[in-house]
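Quick note on numbering: numbering that gives the first Met the number 0 labels position 131 of the sequence shown as 130, and the sequence is numbered without any gaps.
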Amino acid sequence: MTEPAPGRARDCVFCAIAAGEADADVVLATDDLVAFLDRRPVFPGHVLLVPRRHVGTLPDLPADLRDPFLAAAQRIATAVVDGLGAQGSWVSINNTVSQSVPHLHLHVVPRTKGDGLKGFFWPRRGYADDAARAGTAARLRAALET
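Here it is as structure tokens:
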């Protein structure tokens, strides 16, 4: 079996889409990124944005792709409003957990008031008390300082 091309992962459907080897309804394409309709959309117009080179998760995204990736996400979020008549959008990225394809992908889902989507898909869980909240914040600050 041959090795995948540089920047691609073997058996990655998003790498195949990005290379034009798998069918997708592409809505935006640049040298570094491609965006296409999700085949199992939350709502029609649900778009996935991926880097062309294989990147596993957001923490793995190379510095040279950060600005173009976010700029493309902004353009798509605007397009679902301007082009589809949505009132807004839900934008999200899963990292490893709930990531159905192990290739970084950002979801842009058109939203309209009363569309039936209730906030987040998971229940919210508060902190046990103010001390627990403060301890969580302190641990995050410490991790960000390293």
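In this text, a Cβ means the ideal position worked out from N, Cα and C, and glycines have one as well.
Using only CA atoms, which one of the options lies nearest to residue i?
| i | options | result |
| --- | --- | --- |
| Phe13 | Gly125, Leu139, Asp114, Leu105 | Leu105 |
| Gly113 | Gly125, Val96, Ala85 | Ala85 |
| His53 | Ala17, Gln98, Ala142 | Ala17 |
| Ala64 | Ala23, Thr145, Glu144, Asp30 | According to the sequence provided, residue 64 is Leu. The question's Ala does not apply to it. With distances taken between Cα atoms, Leu64 lies closest to Asp30. |
| Asp24 | Arg39, Arg132, Tyr126 | Arg39 |
Would you identify the three-state DSSP class for residue i, choosing helix, strand or coil?
| i | result |
| --- | --- |
| Ala23 | coil |
| Asp12 | Checking the displayed sequence, the identity of residue 12 turns out to be Val instead of Asp. It is helical. |
| Ala18 | coil |
| His131 | It should be noted that the sequence gives Ala, not His, for residue 131. It is helical. |
| Met0 | The predicted model places Met0 with a pLDDT of 41, which falls under 50 and marks its position as unreliable, so this point remains unresolved. |
Determine whether the beta carbon atoms of residue i and residue j lie at a separation below 8 Å.
| i | j | result |
| --- | --- | --- |
| Ala76 | Val100 | no |
| Leu116 | Phe68 | no |
| Arg34 | Ala71 | Here the sequence assigns Ala to residue 34, which means Arg is not the residue at that position. Contact flag set, yes. |
| Leu103 | Pro43 | no |
Using the C-alpha atoms, what's the distance from residue j back to residue i?
| i | j | result |
| --- | --- | --- |
| Asp37 | Asp128 | 40 Å |
| Arg110 | Leu83 | 10 Å |
| Gly134 | Arg140 | 10 Å |
| Ile92 | Gly19 | 23 Å |
| Val26 | Ala137 | 42 Å |
| Trp89 | Ala130 | 32 Å |
| Val80 | Gly87 | 6 Å |
| Pro61 | Asn94 | 15 Å |
| Asp66 | Val46 | 19 Å |
| Ala28 | Gly55 | 19 Å |
| Ala21 | Leu48 | 15 Å |
| Val41 | Ser97 | 15 Å |
| Glu144 | Pro58 | 16 Å |
For the ligand PLP, I want to know if residue i counts as a neighbour, meaning its beta carbon is within less than 7 Å of at least one of the ligand's heavy atoms.
| i | result |
| --- | --- |
| Gln98 | The ligand PLP is absent from the structure shown, which contains no ligands of any kind. |
| query | What runs of the alpha helix (DSSP H), each 4 residues or longer, lie entirely inside the segment 51-115? | reply | Whole alpha helix (DSSP H) segments, 4+ residues: 62-83.
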